[in-house]
Structures are given as structure tokens and as C-alpha cells.
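First the structure, in the form of C-alpha cells, and then the observations on it.
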Amino acid sequence: SQTIHQWPATLVQPVGSPLSLECTVEGTSNPNLYWYRQAAGRGLQLLFYSVGIGQISSEVPQNLSASRPQDRQFILSSKKLLLSDSGFYLCAWQTPGLVSREQFFGPGTRLTVL
Amino acid sequence: KQEVTQIPAALSVPEGENLVLNCSFTDSAIYNLQWFRQDPGKGLTSLLLIQSSQREQTSGRLNASLDKSSGRSTLYIAASQPGDSATYLCYTPLVFGKGTRLSVIA
Numbered sequence: 001s002q003t004i005h006q007w008p009a010t011l012v013q014p015v016g017s018p019l020s021l022e023c024t025v026e027g028t029s030n031p032n033l034y035w036y037r038q039a040a041g042r043g044l045q046l047l048f049y050s051v052g053i054g055q056i057s058s059e060v061p062q063n064l065s066a067s068r069p070q071d072r073q074f075i076l077s078s079k080k081l082l083l084s085d086s087g088f089y090l091c092a093w094q095t096p097g098l099v100s101r102e103q104f105f106g107p108g109t110r111l112t113v114l
Numbered sequence: 115k116q117e118v119t120q121i122p123a124a125l126s127v128p129e130g131e132n133l134v135l136n137c138s139f140t141d142s143a144i145y146n147l148q149w150f151r152q153d154p155g156k157g158l159t160s161l162l163l164i165q166s167s168q169r170e171q172t173s174g175r176l177n178a179s180l181d182k183s184s185g186r187s188t189l190y191i192a193a194s195q196p197g198d199s200a201t202y203l204c205y206t207p208l209v210f211g212k213g214t215r216l217s218v219i220a
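Chains A and B are the protein sequences, given in the same order.
Under this note's numbering, the first residue of the first sequence is numbered 1, with each subsequent residue one higher.
Under this note's numbering, the first residue of the second sequence is numbered 115, with each subsequent residue one higher.
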């Protein structure tokens, strides 16, 4: 069966510090991968998605970036965090090839920027 | 650009009541619509997925309908229980609604 992992589960970082959040998927090959953010009082917002290694699409301009160095690894990064980057970050995977397939979500990372 | 709206934003019902959560979307050219549940501080649990060619899906006490022509979906919960208390999110590919926060009172 397929599983999706995210770490860390919680993170408290000072403004201006770097960020690296990791997401890995097991039990499937070449999944579509997604990063979402849920900020306080706001809905879930798609940040990045990837249909393959090295292929990243950005939905929202911001100081975040994403990379996919391996087939089942998706990393969200920032060189300098802003207060507005605080939120709940969710990674999701989907069977490759068809956006009509179901998405499955990881447990999330709660980021607080102070 | 797709917009997904969920009404009401919050709902409180007594245990045992049947209830309906509403979702509307502006672009009817969707591949599917998915309903999720989110417990406080937790990730998302997929409840039901309706493909664009389908009209409804059922799982236990949950029934979701889809009307693409009117841009609407509903999630029906029968015989609600306190354990159903959570935020319910409607999703069309790449766009989430803001959710309905449900409280079921024992």
C-alpha cells in the first residue's frame, strides 16, 4: 500500500532563517506531487505541483521554492522565511498521468515563524 | 480561474440529525470533485471522490452528489454523531473551498 510521510511535524523558525520541508511517498512510482499551505483563517492554497523529477510548476509567486530530486521525494524550501510563511503545510500525492485521480495527503508540517 | 465556495462556514447540529453541506464551483469543466475531512491540527482524510461522469458516490453514512451543469455538489451526512465533528473541505483539481466547520452536539 502507498504511504506518504512529511517531516518535521512541527517547526518554529525565526524570521530570515532558511527552511526545508520534506515529503516522501512509498509504494508507488512517478506520482504527481503537490505542496499546499493552510494559513490561519484562510483556505488551503496550492503552492507547487510536480509531475516528474525536476519538473516543478508554481501556482503562487512567493519566497518559497520546491524541488524534486528523486521520484518520490518532494522538498519545499526557502532561503529567508517571512512571518507570512507561517501555516500548515501539506504534501499530497496522486496516481500519475490523470488529474482525475484521487489525491492523498500527508500528516502535515505546522510552521511558526517568529 | 476556478473558485470554490462552501456554505455554511460553520454548522452546529444535535446528534442524530441528518445534514447537508454545500459546495459550489465556477468552472464546470472539472475532472472530479473530492470531499475531505480535516480534524483540528491534522492532515486531510479523503471521504469521497466523484468523477465528472458520475452523479453521486456513497460511503457508509455519507453521500456526495455532483451537478456539473449547475456547478454544485452536496455532502449528505446521515444520523450525525459527535465523531463527525470536523472541518469538511470540497476540492476540484488544484482548488479547495474554505470548508464547513461542523460540530455535532451529544
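Backbone N, C-alpha and C define an ideal beta-carbon position, used for all residues, glycine too.
None of the values given here were measured: they were computed from a predicted structure.
C-beta contact flag for residue i and residue j at 8 Å
{"i": "A/T24", "j": "A/R72", "result": "yes"}
{"i": "A/L114", "j": "A/P8", "result": "no"}
{"i": "B/L180", "j": "B/L147", "result": "yes"}
{"i": "A/S78", "j": "A/P18", "result": "yes"}
Where residue i falls, given that 16 or more other Cβ within 10 Å makes a residue buried
{"i": "B/A124", "result": "exposed"}
{"i": "B/V218", "result": "buried"}
{"i": "A/L83", "result": "exposed"}
{"i": "A/G87", "result": "buried"}
{"i": "A/Q103", "result": "buried"}
{"i": "B/Q171", "result": "buried"}
{"i": "A/P31", "result": "buried"}
{"i": "B/V118", "result": "buried"}
{"i": "B/S194", "result": "buried"}
Alpha carbon of residue i to alpha carbon of residue j, nearest angstrom
{"i": "B/L149", "j": "B/I191", "result": "Reading the sequence as shown, one finds Trp at residue 149 of chain B and not Leu. C-alpha separation (whole angstroms): 12 Å."}
{"i": "B/K212", "j": "B/Q152", "result": "11 Å"}
{"i": "B/T206", "j": "B/S187", "result": "10 Å"}
{"i": "A/S1", "j": "A/L90", "result": "20 Å"}
{"i": "A/E22", "j": "A/T109", "result": "9 Å"}
Given residue i as reference, the closest of the options once Cα atoms are compared
{"i": "A/R42", "options": "B/R175, B/K115, B/Q120 and B/S194", "result": "B/Q120"}
{"i": "B/L189", "options": "B/E117, B/N132, B/S126 and B/Y145", "result": "B/N132"}
Partner residues on chain A for residue i, Cβ-Cβ distance less than 9 Å
{"i": "B/F139", "result": "The contacting residues do not exist; B/F139 stays about 13 Å from chain A at best."}
7 Å Cβ cut-off: residues of chain B touching residue i
{"i": "A/L64", "result": "The contacting residues do not exist; A/L64 stays about 17 Å from chain B at best."}
Partners in chain A for residue i, counting only beta-carbon separations shorter than 8 Å
{"i": "B/K212", "result": "R42 and G43"}
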